[in-house]
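Start counting the sequence shown at 1; every next residue gets the next number (UniProt numbering). Ideal Cβ placement from N, Cα and C applies to all residues, glycine included. One structure is given below, encoded as structure tokens.
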Amino acid sequence: MDVHDEHDMSGTAVPAAPPRTLLLVDDEPNILASLKRLLRRDGYHILTANGGQEGLDVLASHAVDVIVSDQRMPGMLGADFLRKAKLLRPQTIRIMLSGYTELQAVTDAVNEGAIFKFLTKPWEDHQLREHIAEAFRLKGIDDDNVRLNAQLRDANQALAAANAAMQALVRQQQHQISRDEVSLGIARELLQFLPLPVIGLDEDGMIAFINAAAANLFERGAALLGNEAAIVLPQLFDGQGAPRLAAIDGQPYAVAVHPMGLHSRSRGSLVTLSRHGADT
């Protein structure tokens, strides 16, 4: 078996990026030599084998793009070799080159997809080079399709993973919202039955909540909701809206404002009123 790597005139290996690898299979050394001389100018990475089994050995250890094989070879006919080559390297483009027009064998191999083209000996140099160049163009298209399909598959997998992560985050946030709503409901209920008058203000100073004790303290408690506290309850604030000691129904009350959001995402403030001077 002659596994031959093409070199330049100085004997230095010529790098190919990406390599375009061509396998020539023929039992006649002079044919292989002629083909290599002809195709060297096209810059292919050329491997050679002297028969079908040697060709299969080359395919087992080398990535090959295009195969050109003779038909009449001792031990294994070209059509049989190309059938096995298709099984071993299905992505290769396979060409038969033969001086014998064995129509049935060629037709069967073509119908089975083992052969891309059948060319006869003696060949016409320009035509042979064109057919091989066409085979490499077709292989390049196939390789691009495989690469793009792999990229699309990877992108779909990444998108599916991102969607799964997003859905998990949404479920987590929904669970957190549900817990927050439960916590808020519990807090509102506790505040509602707290004996200490409590008024809840939003971040704009509007009255958003009044518990039962505060509603009893202010006869019009329900009507206060949605109004600006400093306007509808001026006795609780000074001119700058700051808390103060207030007289309500002739009783002194200490007004305290507790900003929210220090330990939670709550906004606004709670205003509590406690009898000034009352025993605690």
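Whether D42 touches D70 by CB criterion (9 angstroms): Taking 9 angstroms as the Cβ cut-off, D42 and D70 do not qualify as a contacting pair.
Exposure of P197, with buried meaning 16 or more beta-carbon neighbours within 10 Å: Per the 10 Å Cβ criterion, buried.
9 angstroms Cβ cutoff met for G51 and G75: Going by C-beta atoms, G51 is nearer than 9 angstroms to G75.
Coil, strand or helix - F118 by DSSP: Looking at F118 - three-state DSSP - the assignment turns out to be strand.
Per-residue burial, D2 [other beta carbons within 10 Å of its own, 16 or more giving buried]: Low per-residue confidence applies at D2: pLDDT is 49, beneath 50, and the placement is therefore not dependable, though the value from the model is reported in the following sentence. D2 comes out exposed.
Length of the line joining the Cα atoms of E6 and R40: Residue confidence is low: E6 scores 46 on pLDDT, short of 50, so the model does not pin down where it sits. Its coordinate-derived value is still stated next. Approximately 8 angstroms, taken between the alpha carbons.
Helix, strand or coil at Q71 according to DSSP, with G and I counted as helix: Q71: coil per DSSP, three-state reduction.
Run of the beta strand (DSSP E) containing V64, from where it starts to where it stops: Per DSSP, V64 is not a residue of any beta strand (DSSP E), being assigned neither H nor E.
Closest residue to V271 among D180, S34, Q172, D202 (Cα-Cα distance): Among D180, S34, Q172, D202, the Cα nearest to that of V271 is on D202.
H276 (DSSP reduced to helix, strand or coil): Here H276 sits in coil by DSSP.
Inter-residue spacing [alpha-carbon to alpha-carbon] between L88 and L169: Rounded to the nearest whole angstrom, the CA to CA distance from L88 to L169 is 47 angstroms.
Burial state of S269, where buried means 16 or more other Cβ atoms lie within 10 Å: Buried, since its Cβ has 16 or more Cβ neighbours within 10 Å.
Contacting residues, own chain, Cβ-Cβ under 7 angstroms from P15 (five flanking each side not counted): Any reading at P15 must be qualified, since the residue scores a pLDDT of 46, below 50, and its modelled position is unreliable; no value is offered.
C-beta atoms of H131 and I95 nearer than 9 angstroms: Yes. Within cutoff.
Cβ neighbour criterion (16 or more within 10 Å) applied to L273: Counting Cβ neighbours within 10 Å, L273 comes out buried, since at least 16 surround it.
Three-state secondary structure assigned by DSSP to Q91: Coil.
Proximity to M206 [Cα-Cα], best of L217, A187, E228, R188: The closest CA to that of M206, considering only L217, A187, E228, R188, is found on E228.
Limits of the beta strand (DSSP E) - the one that residue 351 falls within: Residue 351 is absent from the structure shown; the chain starts at 1 and stops at 280.
Short Cβ contact (9 angstroms threshold) for A223 with Q235: Judged by beta-carbon spacing, Q235 lies beyond the 9 angstroms limit of A223, meaning their Cβ atoms are not closer than that value.
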